[in-house]
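If you read the sequence shown in the working numbering, its first letter stands for residue 1329, the second for the next number, and so on.
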Amino acid sequence: VQQFQDLQLALKSAVENLNQRISDLHSLVREERDSRRSDIEHLATNLVGKVNECVAAIDEERNGRVQEQTVAMKRVGEDLMLLSQRLDIEKTTR
């Protein structure tokens, strides 16, 4: 009877230890999951920031090209106007 009680106490102690270890493991897994979630959110925020920087750089480049094209078109228009004036002068002198 004493051996049975000793065995029962040993098993009870082992089960309690296992329950405690399982609880500790659950806590570690929960902490790891929260840490990973936080890391992912941080990386996502950084990624969005980098994408926004790229979009801004592309927009800036596009605006620069549009301005350059505008200046070029203005020059072409001025050159055409000057050429037209010269042709008109040439026509009137003949």
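Beta carbons: idealized from backbone N, C-alpha and C, even for Gly.
Helix, strand or coil: which one does DSSP assign to residue i?
i: valine 1329; result: coil
i: arginine 1422; result: coil
Whole angstroms are fine: how far does the CA of residue j sit from the CA of residue i?
i: arginine 1349; j: glutamate 1360; result: 16 Å
i: isoleucine 1417; j: leucine 1411; result: 10 Å
i: asparagine 1380; j: leucine 1371; result: 14 Å
i: aspartate 1334; j: arginine 1365; result: 46 Å
i: valine 1399; j: leucine 1415; result: 24 Å
i: glutamate 1389; j: glutamine 1397; result: 12 Å
i: asparagine 1347; j: leucine 1356; result: 14 Å
i: glutamine 1413; j: arginine 1393; result: 30 Å
i: glycine 1405; j: glutamine 1395; result: 15 Å
i: leucine 1408; j: valine 1376; result: 47 Å
i: threonine 1373; j: alanine 1384; result: 16 Å
By Cβ distance, which residues of its chain are closer than 8 Å to residue i, with the 5 residues on each side in sequence left out?
i: histidine 1354; result: none
Does the ligand FMN have even one heavy atom less than 7 Å from the beta-carbon of residue i?
i: glutamate 1359; result: With respect to the ligand FMN, the structure offers nothing, as it holds no ligand at all.
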